[in-house]
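Everything below concerns the one structure shown next.
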Amino acid sequence: MGAAMAGAVALAVVLAGCDTGPAPKAAEPAPSRTPPPVVHQSATPGSTAPPPGTEEWGPVVALKGDVSAYAAVPDGNKLRVPIVIVGSGGAYFYDVTLRVKGPNGYEATGTFSTDTVRLRPGDSLPTQVTVSMPGRTPPEQPEVEIAEVKQRVG
1124 MGAAMAGAVA LAVVLAGCDT GPAPKAAEPA PSRTPPPVVH QSATPGSTAP PPGTEEWGPV
1184 VALKGDVSAY AAVPDGNKLR VPIVIVGSGG AYFYDVTLRV KGPNGYEATG TFSTDTVRLR
1244 PGDSLPTQVT VSMPGRTPPE QPEVEIAEVK QRVG
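Remember, our numbering sits 1123 above the position in the sequence shown when you count from 1.
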């Protein structure tokens, strides 16, 4: 019986090390057939946060429609007026006319058009309009006015 017992123990050791194959996997969930939700983002009307890169322009001094104008910056015999156009309503091209006034009859007009860029709602375009009045030195603290803003479809 000693040999039989030793054989049974040996068989038990061998069977203990046997592997019947990989453990069954947990059932994976079936892929979803529902598309992910669509998230729409739009500009917040009346937002006061300046677009990135325009913070140093200071406060808005004129506002008309989708256009904000900032204080004029002297540049030799000219003035540069920083503006930001923020698209709203639809995809439009813009034509902007600025007027800069000062003491002693100083009045200069400048225009800007987005002929190659159509702005969609929420898109912003920071740029500058340069104005001058021939033969006149620009005033130190001119008044900036947005005379006209036109939106064009095409």
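Every residue gets a Cβ at the ideal spot worked out from N, C-alpha and C, and that includes glycine.
The model shown is predicted, which means the values in this text are computed figures rather than measured ones.
In chain order, Ile1208, Val1209 and Ser1211 place their CB closer than 6 Å to the CB of Asp1189, counting only its own chain and leaving out the 5 sequence neighbours on each side.
Just measuring C-alpha positions, the residue of Arg1275, Gly1277, Val1267 and Gln1274 sitting nearest Ser1191 is Val1267. Within the segment 1204-1245, the runs of beta strand (DSSP E) that reach at least 3 residues and sit entirely inside it are, in chain order, 1216-1224 and 1230-1236. A buried status is given to Leu1202, since no fewer than 16 other beta-carbon atoms sit within 10 Å of its beta-carbon.
Per DSSP, the beta-bridge partners of Val1254 are Leu1202. Gly1233 counts as buried, since at least 16 other C-beta atoms from the protein chains shown sit within 10 angstroms of its C-beta. In terms of Cβ geometry, Val1223 and Phe1235 do not form a close pair [threshold 8 Å].
If the five residues before and after Arg1275 are omitted, its C-beta is found closer than 8 Å to the C-beta atoms of Tyr1215, Phe1216, Tyr1217 and Asp1218, all from its own chain and listed in chain order. Annotation for Val1276: no beta strand (DSSP E) segment contains it, and DSSP assigns it neither H nor E. Looking at the DSSP output, Pro1262 bridges to nothing. Counting the other Cβ atoms within 10 Å of the Cβ of Leu1242 gives 16 or more, which makes it buried. Here Thr1220 is not near Ala1185, since their CB atoms are 8 Å or more apart.
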